[in-house]
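Mind the numbering: the sequence shown is residues -2 to 350 in the working numbering, read in order.
Ideal Cβ positions, reconstructed from N, Cα and C, are used throughout, including at glycine.
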Amino acid sequence: MKKIGLYMLLACLLLACQKEDGITPGTGFENLYTIQDDPNDSIQHKRYELYTTYGVPVFFNDTIGKVFVKTDVNGDSVFRYETLDLNWAFSGTNSGSVTYQVTRLTDPGLMMKSLRFAEIFLKNSQQALYPYALWLTEKCYQLSSAGVEQKEIISRYRNLMFSWINQINEEDMLEKAAGYRNEIVKLKVQNYSDELNAFNNMLDESLYDKNWGEFYPDERIPYWRSSASLQIWFPWPLVEEWEQDSSYRKEMMTYGNVTNPNWPEGVWTDEEFDNYALYCRGLVGTLGFVSYDPGYGSRFTPRNTDVDLELYLEEMMKYPRKQFLERWESSPLVIKKYEILYAIIRDELGVEL
């Protein structure tokens, strides 16, 4: 009798184990993010190369696979689908107020071009900026109460999406990829609101959205061709100072300074041009800025702290730390603001500049 009871107990335990196996199988989602090679398929092979080189799986579809969960009471298989959710954030999905309308990539030529762009982006970005998964699409629109917006890049905690790559020329891919990298850093930095408060509160609000002439009324810009509108000073060489073929540099090195006695007469040399750019940085940096508002041309200070932050991040991503500090060493206020952002980027995001 004891043996019969023991056998019955073992049978019940075995049945319970079998039922448990059917209810909670291993999800196996990690396997869906592993890219397999196919030497006979150039697109699949390129995806495999990117995965093995950078550890980032690249997809052309938001539904990347399914995993068997169990067999239901009717004997049918139940699957769970894994998708790339553009609304997924660290704290979960958003409220659903934003919808994305996406067109999948199907043209083989455009798929390969998109993969080349993805490779350029990954090659020129630090590993801390790599996504868990990268989704390449042909078109993407963001639909919200504010209207319809064309989206070239969407960055979330886990996922990254690139779109409209068909509009990027091959020779512009490196510059565009650098811009996307900067955009991702900017989006990630904005999550650190407490640290950013220190950055945003560094300057008095009266400094924003002003004509430079309000702060330097006696300053005069070296101008050419007797253009009276250029007598009010603004820091025009900040962006183009390193472009040897820039229109400003050509103008000054062709026609020279015709009126301002504070600057050399005649045609400028490269050294004189660069010295003036340094002088402009000193005036801009004294106020705590690193550039002018791009939306207003070069005649106004940044309109608000958001634009100021964007300009700082662009400048920081453009120049390594040592070079940035050398460029702005005469502007202590700029250095203080830089250090606040540098601590976020290096210590919190793990990105070394």
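Assigned with DSSP and collapsed to three states, TRP233 falls in coil, not helix or strand. Counting other Cβ atoms within 10 Å of its Cβ, ARG101 stays below 16 and is therefore classed as exposed. Looking at the DSSP output, GLY62 sits in a beta bridge with GLU79. The alpha-carbon separation between LEU338 and TYR205 amounts to approximately 19 Å. Using a Cβ distance threshold of 9 Å, VAL186 and TYR129 do not count as a contacting pair. In the three-state reduction of the DSSP assignment, THR103 falls in the coil class. Apart from sequence neighbours up to five positions away, the residues of its chain that approach LYS183 with a beta-carbon distance below 7 Å are GLU307 and LEU310, ordered along the chain. When Cβ pairs closer than 8 Å are counted between the two stretches, the segment 172 to 179 is seen not to touch the segment 263 to 280, the count staying below three.
Bounds of the beta strand (DSSP E) holding GLY144 are 144 to 147. Between ALA115 and LEU47, the gap from beta carbon to beta carbon is short of 9 Å.
Of the other Cβ atoms in all chains shown, fewer than 16 fall within 10 Å of the Cβ of ALA143; this residue is therefore exposed.
Per the DSSP secondary-structure output, LYS185 pairs with nothing in a beta bridge. Counting other Cβ atoms within 10 Å of its Cβ, SER152 reaches 16 or more and is therefore classed as buried.
Taking all protein chains in view, the Cβ of ALA274 is crowded by 16 or more other Cβ atoms within 10 Å, so the residue is classified as buried. The C-beta separation of GLU312 from VAL287 comes to about 5 Å, placing the pair in contact by the 8 Å criterion. CA-to-CA, the gap between THR50 and ASN163 works out to about 24 Å. The three-state secondary structure of LEU140, taken from DSSP, is strand.
Under the Cβ criterion (8 Å, minimum of three pairs), the segment 323 to 336 counts as touching the segment 275 to 294.
Out of ASP169, LEU29 and LEU346, the CA that lies nearest to the CA of ASN188 is found in LEU346. The residues ARG113, PHE114 and ILE117, in chain order, have a CB closer than 8 Å to that of MET170 in the same chain once the five nearest residues on each side in sequence are set aside.
Secondary structure note for PHE159: its beta strand (DSSP E) is the uninterrupted segment 156 to 159.
Under DSSP, GLN98 shares a beta bridge with TYR138.
The distance from the Cβ of ILE341 to that of GLU192 is about 5 Å, consistent with a contact at the 8 Å cut-off. In the DSSP assignment, SER190 falls outside any beta strand (DSSP E) and within the unbroken alpha helix (DSSP H) covering 190 to 197.
Under the three-state reduction of DSSP, THR283 is assigned to helix.
In this structure ARG296 touches PHE231 by the C-beta definition: roughly 5 Å separates them, less than 8 Å.
Ranked by Cα distance from GLN98, the options VAL55, LYS207 and LYS148 are led by LYS148.
Membership of SER152 in the beta strand (DSSP E) is indicated by the continuous run 150 to 152. Residue burial is scored here from C-beta neighbours: ASP59 has at least 16 other C-beta atoms within 10 angstroms and is therefore classed as buried. Taking C-beta separations shorter than 8 Å and ignoring five residues to either side along the sequence, the partners of VAL145 in its chain run TYR138 and GLN139, following chain order.
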